[in-house]
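Colleague:
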Amino acid sequence: MSKLAKDVGMNRSALYRALSGEGNPEFATILKVVKALGLKLTPVPAAH
1 MSKLAKDVGM NRSALYRALS GEGNPEFATI LKVVKALGLK LTPVPAAH
């Protein structure tokens with residue numbers, strides 16, 4: 001978690017708070033976490 005926080009540009013406790021059940025992270029934070037994990041967020045149409 002410490003490396004992830006560093007890669008995202010946050011301190012560890014702030015990242016824990018943002019990603020906790022009661023957290024409310026900004027979308028930009030979510031995108032930074034996704035990128036730091038080597039993932040890509042791709043929108044897909046919802047099934048009807």
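With the first letter of the sequence shown counted as 1, position 10 gets the number 10 in UniProt numbering; the numbers rise by one all the way through. No residue lacks a Cβ here, since even glycine has one placed at the ideal position from N, Cα and C.
State the CB to CB distance for the pair Gly23 and Arg17, rounded to an integer number of angstroms; the pair is presumed to be in contact (CB under 8 Å).
Modeller: 5 Å between Cβ atoms; contact.
Colleague: Please classify Ala14: does DSSP put it in a helix, a strand, or coil?
Modeller: Helix.
Colleague: Alpha carbon to alpha carbon, how far is Thr42 from Asp7? Give it in angstroms, no decimals.
Modeller: Cα to Cα, Asp7 sits roughly 21 Å from Thr42.
Colleague: Can you find a C-beta in chain B that's less than 9 Å from the C-beta of Ala5?
Modeller: The structure shown contains no chain B, having only a single protein chain.
Colleague: Starting from the C-beta of Ala14, find all residues in its chain whose C-beta is less than 6 Å away, skip the five residues before and the five after it, and write them out in chain order.
Modeller: For Ala14, where only same-chain residues beyond five positions count, there are no Cβ hits under 6 Å.
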